[in-house]
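One structure below.
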Amino acid sequence: MPIVEVDKLTKRYKGAATNAVDGISFGIEPGEFFALLGPNGAGKTTTISILTTTLAPTAGTVRIAGFDLATQASQVRRQVGIIFQRPSLDMNLTAEENVRLHAFLYGLYPFRPSFGWMPRSYRDQVQQLARILQIDRELFKPIKTFSGGMRRKLEIIRSLMHHPRVLFLDEPSLGLDPISRRALWAYLLEVRAQADTTVFLTTHYLEEAEQADRVCVIDHGRVVASGTPAQLKAQLVQDFVLIDAQDRAALLDELRRLDVSWVETGGGLRIDVAGPRVHALLRAVTTPLSSVQTHTPSLEDAYLDIIRAAEPQDEAVQP
Amino acid sequence: MRADAPPLPPGGWQTELSAVVAIAYRDLLKFLRDPARMVSTFVFPLIFIGALGGSLQASFGRASSINLLVFTFTGVFAQMLFQTTAFGLISLLEDRENDLMQEIFVSPISRYAIVIGKIVGETLVAIPQALVVIVFALAVRVELTPSQVLGLIPTGIAACLLGGSFGLVVLVNLGGQRAANQVFPFLVLPQYFLAGVFNPLAGLPWYLEVLSRISPLRYAVDLVRGVYYAGLPEYERVVLDPPVINLAVTLGLFVVFVGIGTVLFVRHERNR
């Protein structure tokens, strides 16, 4: 049974002419790493806001961990952890005070005015998480002084305090440098492996989604493609070889004779072949080659193809 | 599905109460860590009572047959607590603009707990101010017996709660902090006069009487005076309604404002 079930979810903002989210449906299995991709304005943040109960949907149903979003919002909130697109920390408090406020809001511990008065289990948990994320020395400092990466780490600690079954990450690495980004992901993947947490990610960094079990691409509020990263790549873009020769005319003649189809590009002749057939092709060609490049598509190539394919159709339906 | 779920954290009223205290405590810490804000909130009422009350007493005191310094002290005491808490609620909008509200709103606690936590927090911020005003009043020789001081504390808290709930109702329909800062003075300043903070309200024309009766601040001020002047000869000339009525109106307005304010605030947040 899916842990997240989204059925014909629709959202139209007040005064808007079109739906920001237009009847999307998908399911996520427990423990799955699910990535929601799409260009700016595709409806990603709208979707995640509805799923995390901060925005009311116009139509459709959502169930998370078996609870209905519309009628059991409080139960849903207990099951999910969220890392928002923009850091949502109290700048007047220390790192630990931010985490402690979270613990009280989730009813994990009764109110205590200082860290020292908190139960040992809380103190151990916070210190352990802080050590793993390497912010243990800054735990009692005001977060005004924190870098973007440290704030993100703190938000991760906070979001995991109540052991959520689904962790929502809304563009978590926005504004982070590559080192912080890599450290963040190493930790998130470790948490996922240990606690079997379901991860729901929206991101602009396609290489982050490469690690996902399943990817769903939305554009103009609709699902335009979904599947594993490998499936999306296989469906939409092909592996190819770019070859060229000093004597291009001779090469073209030879390819015609060999009955190989090609496309002329700025970088040479593009031939859609993959795997062992690349070798066979190169063996068959006798014209001396000046360059050979093999190309294996990334998820980014697949994504760009999907979005390009979706665009003309959408333009056609607009008045 | 539910059977394999990990045990839920304990819910119930203890969780809600703990969350209310945690939200309130956060506001108090924020205040204590902002020295500039502390100084400004203390100076304003001192100027009011000292300069205005003193000069009113010097000019009209003898003619009006009541001590205007004492009258102004009791009025400003209630008005200041009402206003500090009402303005403090604007920090709800500040939190929204700083995105902290997201974190609070995705937590499983009741929406009423969030709003009451904010009102209690701003009340805690206002109380140190009240203590400073009482000390100042003693310094300028406003007569205060221990029982009068004891009476000022609960009535002061009532003024805070009413002010906080009033602030909530006003701000729910305002787009942002800027709008709130512009609108609040228009809704609070006229109440200074309609509630009789500095001016005895005897003999108002009927239309001002109506406006006075719909000013929430009137009930907070009159409640404080009702308790302060209890048993004194000026009671009849100063106090408008019996404290029981003022207390009932204050509590009634608090419940209505919090109820309406919370529903509207949540709707405004989620139905965009």
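First to last, the protein sequences are chains E and B.
Mapping the first sequence onto my numbering, position 133 (from 1) lands on 133, and the numbers just tick up by one.
Mapping the second sequence onto my numbering, position 154 (from 1) lands on 473, and the numbers just tick up by one.
Backbone N, C-alpha and C fix where the C-beta goes; we use that ideal spot for every residue, glycine too.
Keep in mind that this is a model prediction, so the values were computed, not measured.
Below-8 Å beta-carbon distance, residue i vs any chain B residue
i: Asp170 of chain E; result: no
i: Phe200 of chain E; result: no
i: Val13 of chain E; result: In the sequence as presented, Val is not what sits at residue 13 of chain E; that position holds Tyr. Answer yes: the Cβ-Cβ gap between Tyr13 of chain E and chain B drops below 8 Å somewhere.
i: Glu96 of chain E; result: no
i: Tyr122 of chain E; result: no
i: Ala309 of chain E; result: no
i: Asp90 of chain E; result: yes
i: Pro276 of chain E; result: no
i: Pro113 of chain E; result: yes
i: Tyr187 of chain E; result: no
i: Gly27 of chain E; result: no
i: Tyr106 of chain E; result: yes
i: Leu101 of chain E; result: yes
i: Pro297 of chain E; result: no
i: Pro110 of chain E; result: yes
Any chain E beta carbon closer than 8 Å to residue i
i: Leu334 of chain B; result: Residue identity check: residue 334 of chain B is Thr in the sequence provided, not Leu. Thr334 of chain B counts as touching chain E.
i: Phe424 of chain B; result: yes
i: Tyr344 of chain B; result: yes
i: Lys349 of chain B; result: yes
i: Arg589 of chain B; result: yes
i: Leu583 of chain B; result: no
i: Pro447 of chain B; result: no
i: Val358 of chain B; result: no
i: Gln421 of chain B; result: yes
i: Ile438 of chain B; result: no
i: Leu340 of chain B; result: The question names Leu, yet the displayed sequence has Val at residue 340 of chain B. True, the Cβ-Cβ gap to chain E drops below 8 Å.
i: Pro427 of chain B; result: yes
i: Ser410 of chain B; result: no
i: Ser337 of chain B; result: yes
Residues bridged to residue i (per DSSP)
i: His587 of chain B; result: Answer is none; His587 of chain B lacks a bridge partner.
i: Val488 of chain B; result: None, per the DSSP bridge assignment.
i: Leu9 of chain E; result: E:Ile24
i: Val199 of chain E; result: E:Phe33 and E:Leu167
i: Pro142 of chain E; result: E:Thr94
i: Gln293 of chain E; result: E:Leu242
i: Arg270 of chain E; result: E:Leu242 and E:Val263
i: Asp68 of chain E; result: E:Arg63
i: Val4 of chain E; result: E:Ile28 and E:Ile64
Range covered by the alpha helix (DSSP H) that runs through residue i
i: Ser226 of chain E; result: Unbroken run through Ser226 of chain E is the beta strand (DSSP E), Arg222 to Gly227; no alpha helix (DSSP H).
i: Ser595 of chain B; result: In this structure chain B extends from 320 to 591, so residue 595 of chain B is not present and cannot be described.
i: Thr393 of chain B; result: Leu387 to Gly407
i: Val80 of chain E; result: That residue, Val80 of chain E, is in no alpha helix (DSSP H); its beta strand (DSSP E) goes Val80 to Ile83.
i: Ile156 of chain E; result: Gly148 to Leu160
i: His204 of chain E; result: That residue, His204 of chain E, is in no alpha helix (DSSP H); it is neither H nor E in DSSP.
i: Ser337 of chain B; result: Trp332 to Leu351
i: Tyr106 of chain E; result: Taken as a continuous stretch (DSSP letters only), Tyr106 of chain E belongs to no alpha helix (DSSP H), as it is neither H nor E.
i: Arg248 of chain E; result: Arg248 to Arg257
i: Phe505 of chain B; result: Gln496 to Leu513
i: Glu441 of chain B; result: Arg430 to Ala458
i: Asp124 of chain E; result: Arg120 to Ile132
i: Phe424 of chain B; result: Leu419 to Phe424
i: Tyr278 of chain B; result: No answer is possible for residue 278 of chain B: the residues shown for chain B start at 320 and end at 591.
i: Ser49 of chain E; result: Lys44 to Leu51
i: Leu542 of chain B; result: Pro535 to Tyr547
Where the beta strand (DSSP E) through residue i begins and ends
i: Glu264 of chain E; result: Val263 to Thr265
i: Val215 of chain E; result: Arg214 to Asp219
i: Phe168 of chain E; result: Val166 to Asp170
i: Ala59 of chain E; result: Ala59 to Ile64
Chain-ordered chain D contacts of residue i [CB-CB under 9 Å]
i: Arg352 of chain B; result: As a matter of chain content, chain D is missing from the structure shown, whose protein chains are E and B.
Identify each residue in the segment 49-83 of chain E for which the Cβ-Cβ distance to at least one residue of chain B is less than 8 Å, and report them in chain order.
Thr52, Thr53, Thr54, Leu55, Ala56, Ala65, Gly66, Ser74, Gln75, Arg77, Arg78, Gln79, Val80 and Ile82
Validate contact between the segment 268-276 of chain E and the segment 338-346 of chain B using beta carbons, cut 8 Å, 3 pairs
no
Using a Cβ-Cβ cutoff of 8 Å, what residues of the segment 466-486 of chain B are near chain E? List them in chain order.
none
Spell out a yes or no on whether the segment 86-97 of chain E and the segment 136-156 of chain E are touching, meaning 3 or more CB-CB pairs, one atom from each, closer than 8 Å.
yes
With contact counted as at least three CB pairs below 8 Å, one residue from each stretch, are the segment 275-285 of chain E and the segment 214-223 of chain E in contact?
no
Does the segment 126-135 of chain E come close enough to the segment 73-87 of chain E to have 3 or more Cβ pairs within less than 8 Å?
no
Does the count of Cβ pairs from the segment 11-31 of chain E and the segment 53-64 of chain E closer than 8 Å reach three?
yes
Between the segment 537-551 of chain B and the segment 448-459 of chain B, do at least 3 Cβ pairs fall closer than 8 Å?
no
Check whether the segment 505-518 of chain B touches the segment 464-472 of chain B, taking contact to mean three or more Cβ pairs, one atom from each stretch, closer than 8 Å.
no
Would you check if the segment 152-161 of chain E and the segment 101-114 of chain E touch, i.e. whether three or more CB-CB distances between them fall below 8 Å?
yes
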